[in-house]
Amino acid sequence: MSSGQPFQTNNAIIKWIDHRLPIFSLTNDTLVDYPAPRNLNYWWNFGSLAGLALVVMIVTGIVLAMQYTPHVDYAFDSVERIMRDVNGGWLIRYIHMNMASFFFIAVIIHIFRGLYYGSYKAPREILWILGVVIFLLMMATAFMGYVLPWGQMSFWGATVITNLFSAIPLVGESIVTWLWGGFSVNNPTLNRFFALHYLLPFVIVGVVILHIWALHRFGSNNPLGIDAKGPQDKIPFHPYYTVKDAFGVGVFLLIFSVFLFFAPNFLGHPDNYIPANPLSTPAHIVPEWYFLPFYAILRSVPDKLLGVVLMFASIGILFILPWLDRSPVRSCKFRPVYKWFFWVLLIACVALGWAGQEAPEGAPLYISRVATAYYFFHFLVLLPLLGVIERPKPLPASIAEPVLGGGEVWSNAAAKPMEKA
Amino acid sequence: MMKKLVFAAAAAAVAMSLGAAQAAEGIQAPKSTWSFSGIFGTFDQAQLQRGYQVYKEVCAGCHAMDLIAFRNLAELGYNEDEVKAIAAEYDVTDGPDDEGEMFDRPARPSDYFPNPFPNAKAAAASNGGSVPPDLSLMAKARAAGPDYLKAMLMGYEEDVPESVLQQIFEIETEKNRKRAEEIGLTDYNRVESVEDLGLPDTSSFNAYFPGYGIAMAAPLGDEAVEYADGTPATLENHAADVAAFLMWTAEPALDDRKQMGIKVIIFLLIFSGVLYAAKRKCWADLH
Ligand code: HEM
């Protein structure tokens with residue numbers, strides 16, 4: 021593995037500081053000279069996009085918090101005051117609302133990128149697990165954030181989701197009462213959700229730092245899924261990936277802006293513009309779109325407890341993924357069989373998302389059952405099995421070779437599986 | 042049996058009302074063209090003023106508009122004096138004064154529109170048990186927004202075209218047939234008239250309201266208000282104008298938002314283009 025140049029400067033002040041607190045060296049090593057594989061494709065942009073989204077969420081969130089009132093009698097109106105009377109308030113609020121969705125889009129693509137190229141395999145297991153932790157924290161944060169405007173969907177969504185915990189035998193009811201801080205979703209619930217919604221993004225920042233720390237231990241994986249052999253396989257992060265990431269940011273913000281400025285409520289639910297009313301239940305209670313696949317899994321089984329267990333297991337399974345996939349080859353490029361099942365998994369997840377917004381009966385119910393069954397079959401049966409029976413294609417000898425088109429020295433995958441780092 | 046699955050997911054309380062709420066839903070509201078449709082669309086101030094007039098003369102008797110202050114009307118093109126004059130037509134309760142008494146005074150531009158009823162119970166009592174909802178956010182609180190509002194206001198039995206009625210009768214007949222089939226019956230009720238829908242006496246038929254039975258009697262008709270600008274006082278104009286006005290009350294920053302959006306998108310197109318060129322140039326020496 022090649023390493024970057026040690027940080028050098030002629031500026032005496034920077035030298036003086038860096039000697040005592042090597043913050044310039046650290047920045048240099050992480051963002052400037054950090055050696056990255058030379059063949060990363062655009063699917064590798066989504067990590068930095070997720071990071072951007074996190075920063076945008078924190079900045080807009082803090083500004084919103086300056087005007088927001090976490091009280092059942094004032095929350096809804098305080099949000100509307102932000103929309104109407106705070107200078108630029110509508111912009112800040114719509115950014116926060118829509119960037120939450122785009123944060124999920126970026127992270128979901130980021131996860132599927134990892135699945136396709138086997139980025140979760142040794143030696144990046146902890147990196148992957150930290151990613152799943154981030155994903156869980158994001159879902160908790162988004163769920164509590166959605167409660168804050170105290171519209172009908174806020175209230176009823178919170179009621180339905182917190183009630184899931186009542187499925188736990190014996191202590192379920194007590195847990196729900198404890199979560200609510202009372203006997204229904206009410207002011208104490210709103211208050212604590214606000215406190216936690218403010219806290220969790222900073223916990224995410226902490227886990228992202230660990231995530232990047234773990235990433236930099238072995239460097240990025242790459243579309244070929246093989247380890248770098250020497251300096252010719254790597255390029256410095258700056259300027260190559262800074263400019264590529266910056267271009268990605270431009271495109272990401274462009275698509276984001278179309279929603280932000282021309283359809284800011286497209287991804288939301290109209291019922292959330294009706295103030296919360298505990299006495300009137302909306303006709304359909306649907307969660308935000310990024311929860312729909314999990315909601316579909318939850319409702320695909322007739323037993324509440326089993327549904328809850330499966331829903332949590334669908335994420336829990338990702339924690340042990342590095343050990344479920346027995347194949348020594350990382351990238352799907354060289355896995356002729358698994359490659360197809362990757363797409364089946366993607367289709368199953370999209371189908372679950374669709375089924376999640378329909379009433380659980382008839383065709384949607386049937387589809388969500390098939391897709392749920394496939395989801396678990398994929399991770400628990402297919403992956404372990406394929407690792408044994410699949411014959412991977414031969415791996416290239418190094419990253420530079422196919423990229424630079426030099427030579428035809430292809431090593432045999434069976435003879436030479438994934439190199440140990 | 043399948044519906045039980047909903048129950049498994051939701052709390053018992055939620056679930057029980059869910060079953061009840063799964064009654065028939067209205068048909069799709071037809072799409073209208075609005076001055077504020079599309080990327081470059083903006084509010085038409087003259088229309089908003091007419092819509093405000095409809096609200097003031099018809100709807101305000103029952104519906105509150107809590108989020109709108111008189112000062113906001115300046116955005117409809119009224120000048121300061123006009124806004125003051127409009128406000129002064131209303132009385133608001135203020136106080137307590139030095140004697141500890143509440144008192145009424147003419148409204149000022151900073152006051153919010155007063156509520157027609159002192160509380161929800163009073164509102165329900167005057168409206169056959171249904172509370173007229175606040176209209177400030179109505180255009181964003183319904184899926185089809187202003188299209189729905191316009192269609193609903195024109196959706197009463199006397200006003201909708203025969204073809205729409207027939208469409209509803211067919212849908213409902215088909216639903217009855219399916220329901221009968223599910224429990225193994227061959228006999229089912231054909232829906233051939235509004236009476237066959239079996240709506241409660243307290244409600245009026247409305248083609249676009251979910252469940253067809255609305256507790257609001259048709260508020261508009263031809264010549265419901267007389268427009269100062271000579272626009273024909275037809276039901277359609279009234280409905281469109283008040284729907285546009287309610288879009289403004291729901292989303293007053295719509296014009297600013299779109300204008301800013303166009304600028305930002307032009308900027309981002311150039312920004313991304315430049316970065317793409319820079320990326321190509323930077324990477325050129327690698328391959
Ligand atoms: C707040 C959310 C997240 C941020 C800000 C973030 C950030 C990043 C960044 C900047 C990178 C390096 C660039 C790249 O490879 O795209 C990265 C790599 C990685 N992330 Fe994340 N990430 C997030 C969430 C996740 C999640 C939820 C997972 C998986 C469940 C995950 C798994 C990975 C993996 C496996 C890598 C290394 C991939 C490789 O090099 O092939 N990340 N992350």
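These protein sequence lines map, in sequence, to chains X and L. With the working numbering, the residue at position 192 of the first sequence is 212, and numbering never jumps. With the working numbering, the residue at position 51 of the second sequence is 92, and numbering never jumps. Glycine residues also receive a C-beta, built at the ideal position from the N, C-alpha and C atoms.
Exercise for review: Pick out whichever of X/Asn107, X/Ile149, X/Leu190 and X/Gly71 has its Cα sitting closest to the Cα of phenylalanine 122 of chain X.
Suggested key: Nearest of X/Asn107, X/Ile149, X/Leu190 and X/Gly71 to phenylalanine 122 of chain X, Cα basis: X/Gly71.
Counting only C-beta atoms, is glycine 427 of chain X closer than 9 Å to chain L at any point?
Because the pLDDT at glycine 427 of chain X is just 42, under 50, the model does not fix this residue reliably, and the value given afterwards should be weighed accordingly. When Cβ-Cβ separations below 9 Å define contact, glycine 427 of chain X makes no contact with chain L.
| message | For a test of the three-state rule: what should DSSP assign to isoleucine 255 of chain X, helix, strand or coil? | response | The answer is strand: DSSP assigns isoleucine 255 of chain X an E or B state.
### Query
Which value, in whole angstroms, describes the spacing of the CA atoms of isoleucine 34 of chain X and threonine 50 of chain X?
Those two C-alpha atoms are separated by around 17 Å.
Based on Cα-Cα distance, which residue from X/Thr80, X/Gly250, X/Leu326 and X/Gly109 lies nearest to proline 221 of chain X?
A check of alpha carbon separations from proline 221 of chain X across X/Thr80, X/Gly250, X/Leu326 and X/Gly109 identifies X/Thr80 as the nearest.
Pull up the CB-CB distance for arginine 133 of chain X and isoleucine 255 of chain X, whole angstroms please, since I reckon it's below 8 Å. By a beta-carbon distance limit of 8 Å, arginine 133 of chain X does not contact isoleucine 255 of chain X. Their separation comes to about 20 Å.
* Asked: When DSSP builds the beta bridges, which residues end up paired with glycine 171 of chain X?
  -> According to DSSP, which records beta bridges pairwise, glycine 171 of chain X is partnered with X/Pro295.
So the candidates are X/Gln252, X/Phe332, X/Thr179 and X/Leu403; which of them puts its Cα closest to the Cα of leucine 299 of chain X?
Taking only the C-alpha atoms, the option nearest leucine 299 of chain X is X/Thr179.
Exercise. For leucine 276 of chain L and chain X, any beta-carbon pair shorter than 9 Å?
Worked result: It does not; no Cβ of chain X falls within 9 Å.
Local Cβ density within 10 Å of leucine 117 of chain L, reported as buried at 16 or more and exposed below that
By the neighbour-count rule (16 or more Cβ atoms within 10 Å), leucine 117 of chain L is buried.
request  = Report the partner residues of proline 55 of chain X according to the DSSP bridge assignment.
outcome  = DSSP output for proline 55 of chain X lists X/Pro256 as bridge partner(s).
Own chain, CB closer than 8 Å to alanine 184 of chain L, minus 5 neighbours either side, in chain order
When the five nearest sequence neighbours on each side are left out, no beta carbon in the same chain lies closer than 8 Å to the beta carbon of alanine 184 of chain L.
### Query
What first and last residue would you give for the alpha helix (DSSP H) that runs through proline 208 of chain X?
Counting along the chain, the alpha helix (DSSP H) containing proline 208 of chain X begins and ends at 207–238.
Quick check on arginine 355 of chain X: does DSSP put it in helix, strand or coil?
Coil.
**Study point:** For isoleucine 188 of chain X, three-class secondary structure by DSSP
**Key:** For isoleucine 188 of chain X, the three-state secondary structure derived from DSSP is coil.
I'd like the list of long-range same chain contacts for lysine 392 of chain X, defined as Cβ closer than 6 Å, with 5 residues on each side in sequence excluded.
Per the sequence presented here, residue 392 of chain X reads as threonine, with lysine not at that position. Taken in chain order, the residues that qualify are Ile317 and Ser320.
- Bridge-paired residues (DSSP) for aspartate 132 of chain L: For aspartate 132 of chain L, which the question treats as bridged, DSSP gives the partners L/Pro147.
- Would DSSP call serine 121 of chain X helix, strand or coil? In the three-state scheme derived from DSSP, where H, G and I count as helix and E and B as strand, serine 121 of chain X is classed as helix.
*asked:* Going by C-alpha to C-alpha distance, which of L/Pro251, L/Met195, L/Ala265 and L/Thr227 sits closest to serine 73 of chain L?
replied: In terms of Cα proximity to serine 73 of chain L, the closest of L/Pro251, L/Met195, L/Ala265 and L/Thr227 is L/Met195.
C-beta neighbour in chain L for leucine 111 of chain X, strict 9 Å = Under the Cβ criterion of 9 Å, leucine 111 of chain X is counted among the residues facing chain L.
**Asked** Can you list the residues of chain X that valine 305 of chain L reaches, using a CB-CB cut of under 7 Å?
**Response** Close partners of valine 305 of chain L in chain X (Cβ separation under 7 Å): Ser277 and Phe281.
Proximal residues of chain X, C-beta to C-beta of isoleucine 80 of chain L below 7 Å: Counting only Cβ-Cβ distances below 7 Å, isoleucine 80 of chain L has contacts in chain X at Phe282, in chain order.
Is it true that the region 150–161 of chain L meets the region 104–112 of chain L, where meeting means three or more beta-carbon pairs spaced less than 8 Å apart? Three or more pairs of CB atoms, one per stretch, sit closer than 8 Å, so the region 150–161 of chain L contacts the region 104–112 of chain L.
Report task. Return the CA-CA distance between alanine 65 of chain L and leucine 238 of chain L, expressed in angstroms with no decimal places. Result -> Bear in mind that the predicted position of alanine 65 of chain L carries a pLDDT of just 41, short of 50, making it too unreliable to give a figure here.
query: Using a beta-carbon distance cut-off of less than 7 Å, what residues from the region 277–297 of chain L approach chain X?
result: Answer in chain order: Pro293 and Ala294.
Could you compute how far the alpha carbon of serine 139 of chain X sits from the alpha carbon of threonine 83 of chain L?
One C-alpha to the other measures close to 48 Å.
Using a Cβ-Cβ distance under 9 Å, would leucine 274 of chain X count as near chain L? For leucine 274 of chain X, a Cβ of chain L is located within less than 9 Å of the residue's own Cβ.
message = What would DSSP say about alanine 259 of chain L, mapped onto helix, strand or coil?
response = Coil.
### Task
Examine the Cβ distances between the region 88–96 of chain X and the region 160–173 of chain X and report whether three or more of them are shorter than 8 Å.
Yes, since at least three Cβ pairs between the region 88–96 of chain X and the region 160–173 of chain X fall closer than 8 Å, the two stretches touch.
- Query: Along the chain, where does the alpha helix (DSSP H) that runs through histidine 104 of chain L open and close?
  - Reply: That residue, histidine 104 of chain L, is in no alpha helix (DSSP H); it is neither H nor E in DSSP.
Does DSSP classify isoleucine 33 of chain X as helix, strand or coil?
-> Secondary structure of isoleucine 33 of chain X (DSSP, three-state): helix.
Exercise for the section: Could you tell me whether the Cβ of aspartate 152 of chain L comes closer than 9 Å to any Cβ of chain X? Expected result: No, aspartate 152 of chain L lies away from the interface with chain X (no Cβ there is under 9 Å from its Cβ).
_Assigned secondary structure, tyrosine 136 of chain X (DSSP; H/G/I helix, E/B strand, else coil)_ = In the structure shown, tyrosine 136 of chain X sits in a helix (DSSP, three-state: H, G or I).
#### Entry: Close beta carbons around tyrosine 317 of chain L, own chain, < 6 Å, minus the five adjacent residues each side
Spatial neighbours of tyrosine 317 of chain L in its own chain (CB-CB distance under 6 Å, excluding positions within 5 residues in sequence) are not present.
If we count the other Cβ atoms within 10 Å of its Cβ and call it buried at 16 or more, is asparagine 160 of chain L buried or exposed?
The residue is exposed, with fewer than 16 neighbouring Cβ atoms inside 10 Å.
Would you verify that the beta carbon of glycine 170 of chain L is, or is not, closer than 9 Å to some beta carbon of chain X?
Judged by the 9 Å Cβ criterion, glycine 170 of chain L is not in contact with chain X.
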